[in-house]
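Q:
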Amino acid sequence: MKKRYAVCGVSSRALAMYIRPMVKNFAHVAEFVGMLDIDPLRFQICKEDIPETKDVATYMPDEFDKMIAEQKPDAIIVTSMDCTHKNYVILALKNDLDVICEKPMTTNTADALEIRAVEKQSKGKVICTFNYRYNPVHTKVKDLVNSGKIGRVTHVDLTWYIDIAHGSSYFNRWNRKRENSGSLSIHKASHHFDLVNWWISGIPEAVHAFGALNHYGPNGVFNPSKKDGRHCTGCPEKMQCPYKKRWTTRNSEVAIKDDHLTAFQTTRKLFTTYRPDMCIFDSEINIHDTIVANVRYKNGALLNYSANFSTPYEGYHLAINGTHGRIETREFVGMGAMALPPVHEDGGTQYIDYFPIFEGRERIHVPKNDGGHGGGDPLILEDIFLGEVPDRKFDILAKSVDGLRSISVGDAVYNSIMDGEVKDLTSFME
Ligand SMILES: NC(=O)c1ccc[n+]([C@@H]2O[C@H](COP(=O)([O-])OP(=O)(O)OC[C@H]3O[C@@H](n4cnc5c(N)ncnc54)[C@H](O)[C@@H]3O)[C@@H](O)[C@H]2O)c1
0 MKKRYAVCGV SSRALAMYIR PMVKNFAHVA EFVGMLDIDP LRFQICKEDI
50 PETKDVATYM PDEFDKMIAE QKPDAIIVTS MDCTHKNYVI LALKNDLDVI
100 CEKPMTTNTA DALEIRAVEK QSKGKVICTF NYRYNPVHTK VKDLVNSGKI
150 GRVTHVDLTW YIDIAHGSSY FNRWNRKREN SGSLSIHKAS HHFDLVNWWI
200 SGIPEAVHAF GALNHYGPNG VFNPSKKDGR HCTGCPEKMQ CPYKKRWTTR
250 NSEVAIKDDH LTAFQTTRKL FTTYRPDMCI FDSEINIHDT IVANVRYKNG
300 ALLNYSANFS TPYEGYHLAI NGTHGRIETR EFVGMGAMAL PPVHEDGGTQ
350 YIDYFPIFEG RERIHVPKND GGHGGGDPLI LEDIFLGEVP DRKFDILAKS
400 VDGLRSISVG DAVYNSIMDG EVKDLTSFME
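In numbering that gives the first Met the number 0, the protein residues as written are 0 to 429.
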């Protein structure tokens, strides 16, 4: 029998990642029975883009119970603005329904703990869709650490670069406010913290961080003038803004691929909740674009992490050191790339180097998979809609406890940046 799914938040992510695959690739096992959003324009865009959804029932946020009563879904997919996740996750769990929740599960530690408590009383279970785990390189890193090749993990060194196109896009949208996204230390970095937690089977215990808003906000060095409330579309200062000038001409609007802008520019209608082309130099921005953090884990491992949201190319450097060796890998991607370092030349695929502690090196090339997030998106979808592969060597589909652990590191990072203190997570960490 097909499983029935309703979607809360008909976002760009919902359309591309869940609704389209559900009606095209997984129609033999899944039925899309209802959609809920605060903005009716989102329903219209969904029905126009994906004609198979034209008869799917639509609901406003206060009609969640009505949606459950009328459509009788088996599971709820939560893909709305981050700060609204908690409400729908808890409503679903109270109705004993399974939940598939986009990251971050919620926007602060207290809400994540509340979800965990409600889940314990429910017949429903929460899946957190940490798709980065399914990128074949990241899965291979887990496999290598899990196999014991590097011994006990002592230290992880992770540096993430988010380029001028991708990085600035967060500051164009709702993500730029702590109250909406929890900040980039949660909205974005929870992906990275989850990867480290998972790779090293680590439970985070203590966090200290520094951070700054260097590139965006009114004091951004490339701000053409200190004014609030500008929008990129039709902005008279567009040619004085290097971030936008990079992608436009005097006569064209933003010309890079961006799901949010395309929907906005095609319909030329304003979404009820926000515009995706708000000025990256607005003074309401209250998050950081430069983050460094240290984390100590219960198993003794230490992490040093950094993220920069305005770099010339996109990617990361990762090294995991252990008592018996070290593995390292680098990724370079992104539309902003002017000159990519030549790391993928050796065989054309990303590789992982394994260095045993006393001698030698082994280079492991990881075959690519097509699809979003390094090929992780299509793989996680199979686990979600077809069920998990039974004979895996380790768990990969993340649960609410993983949501909690990643959020609590990100939340501690934000709070530590603000007050300079080391945050102790031991009192509530499971
Ligand atoms: N796993 C990933 O790699 C990945 C990638 C992109 C986005 N995401 C996540 O997907 C979610 C959507 O992100 P997006 O960038 O596509 O968002 P978006 O800006 O396209 O859409 C946000 C949606 O939330 C809706 N919304 C706002 N308030 C609401 C409310 N009270 N009730 C119901 N709906 C409400 C908006 O109307 C809109 O449809 C976010 O949680 C984001 O973190 C995850």
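For every residue, glycine included, the Cβ atom is placed at its ideal position computed from N, Cα and C.
Bear in mind the structure is a predicted one, so any value in this text is a computation, not a measurement.
(1) Any chance you could list the beta strand (DSSP E) runs of at least 3 consecutive residues sitting entirely within the stretch 301-376, in chain order?
(2) Quick check: does the Cβ of LEU157 come within less than 7 Å of any heavy atom belonging to ligand 1?
(3) Can you list, in chain order, the residues of its chain with a C-beta nearer than 6 Å to that of PRO355? Leave out the 5 residues immediately preceding and following it.
(4) Since PHE25 is in the beta strand (DSSP E), which residue starts that stretch and which ends it?
(5) Near ASP430, which residues of its chain fall below 6 Å by C-beta distance, leaving aside the five closest residues on each side in sequence?
(6) Ligand 1 heavy atoms versus the CB of ARG11: any closer than 7 Å?
(7) Can the beta-carbon of ILE351 be found closer than 8 Å to that of VAL332?
(8) Return the CA-CA distance between VAL408 and ARG249, expressed in angstroms with no decimal places.
(9) Decide if ARG12 is buried, meaning its Cβ has at least 16 other Cβ atoms within 10 Å, or exposed.
(10) Going by beta-carbon coordinates alone, are ALA306 and VAL155 separated by less than 8 Å?
(11) Rounded to the nearest angstrom, what separates ASP288 and GLN70 at their Cα positions?
(12) Can you check DSSP and say which residues form a bridge with TYR296?
(13) Taking 8 Å as the cut-off, does the stretch 104-121 touch the stretch 374-389 (at least 3 CB pairs, one atom from each stretch)?
(14) Could you check which residue in VAL220, TYR169, ASN320 has the C-alpha nearest to that of ARG274?
(15) To the nearest angstrom, report how far apart ASN196 and GLU361 are at their CA atoms.
(16) Please list, in chain order, all residues of the same chain as LEU212 whose beta carbon is under 6 Å from its beta carbon, the five residues on each side excluded.
(17) Using 8 Å as the threshold, is the C-beta distance between ILE379 and SER189 below it?
(18) Does any heavy atom of ligand 1 sit closer than 7 Å to the C-beta of PRO72?
(19) When DSSP builds the beta bridges, which residues end up paired with GLY210?
(20) Note down, in chain order, each residue of its chain lying with its Cβ closer than 6 Å to the Cβ of LYS187, except the 5 sequence neighbours on either side.
(21) SER452: beta carbon under 7 Å from a heavy atom of ligand 1?
(22) So who's on the other strand from LYS2, going by DSSP bridges?
(23) Is it the case that the Cβ atoms of VAL77 and GLU62 are separated by a distance below 8 Å?
(24) Got a sec: does ligand 1 put a non-hydrogen atom nearer than 7 Å to the Cβ of CYS231?
(25) Who are the near neighbours of LEU424 in its chain, counting only those whose CB is closer than 6 Å to its CB and skipping five residues on each side?
(26) I'd like to confirm something about LEU90: is its beta-carbon nearer than 7 Å to some heavy atom of ligand 1, or not?
(27) Classify HIS372 as buried or exposed, calling it buried when 16 or more other Cβ atoms lie within 10 Å of its own Cβ.
(28) Applying the 10 Å Cβ sphere with the 16-neighbour rule, what's the burial state of ARG175?
(29) Please name the residue, chosen from ASN222, GLU30, TRP246, that lies closest to VAL55 on a Cα-to-Cα basis.
(30) With 16 as the cutoff for other CB atoms within 10 Å, does PHE308 come out buried or exposed?
(31) What whole-angstrom Cβ distance do ILE185 and THR106 have, given they're in contact under 8 Å?
(32) When we look at the beta-carbon of PHE220 and count the other beta-carbons within 10 Å, is it buried (16 or more) or exposed?
(33) So is the beta-carbon of LYS398 under 7 Å away from any non-hydrogen atom of ligand 1?
(34) Just to confirm, does LEU96 get its C-beta within under 7 Å of one of the non-hydrogen atoms of ligand 1?
(35) Indicate whether GLY150 and GLY321 have their beta-carbon atoms separated by less than 8 Å.
(36) Got a sec, what are the start and stop residues for the beta strand (DSSP E) THR247 sits in?
A: On the basis of the coordinates in this document:
(1) 301-310, 313-321, 324-332, 350-355, 361-364
(2) no
(3) GLY324
(4) Per DSSP, PHE25 belongs to no beta strand (DSSP E) and is neither H nor E.
(5) The requested residue 430 is not part of the displayed model; the chain covers only 0 to 429.
(6) A small correction: the amino acid at residue 11 is Ser; Arg does not occupy that position in the sequence shown. True, at least one ligand heavy atom lies under 7 Å from that Cβ.
(7) no
(8) Straight through space, the alpha carbons of ARG249 and VAL408 are spaced by roughly 43 Å.
(9) Buried, since its Cβ has 16 or more Cβ neighbours within 10 Å.
(10) no
(11) 42 Å
(12) PRO203
(13) Verdict: no, contact absent.
(14) Looking at VAL220, TYR169, ASN320, the one whose alpha-carbon comes closest to that of ARG274 is TYR169.
(15) 25 Å
(16) HIS287, ASP288
(17) Contact: no.
(18) Within the chosen limit of 7 Å, ligand 1 does not reach the beta carbon of PRO72 with any heavy atom.
(19) DSSP links GLY210 through a beta bridge to ILE290.
(20) none
(21) In the structure as shown, the chain begins at 0 and stops at 429. Residue 452 is therefore absent and cannot be evaluated.
(22) DSSP, once it has assigned bridges, lists ALA29 as partnering LYS2.
(23) no
(24) no
(25) PRO203, GLU204, SER407
(26) no
(27) buried
(28) buried
(29) GLU30
(30) Classified as buried, PHE308 has 16 or more neighbouring CB atoms from the shown chains inside 10 Å of its CB.
(31) 6 Å
(32) Here the sequence assigns Val to residue 220, which means Phe is not the residue at that position. With fewer than 16 other Cβ atoms within 10 Å, it is exposed.
(33) no
(34) no
(35) With respect to the 8 Å criterion, GLY150 and GLY321 are classified as neighbours on the basis of their beta carbons.
(36) No beta strand (DSSP E) holds THR247; DSSP gives it neither H nor E.
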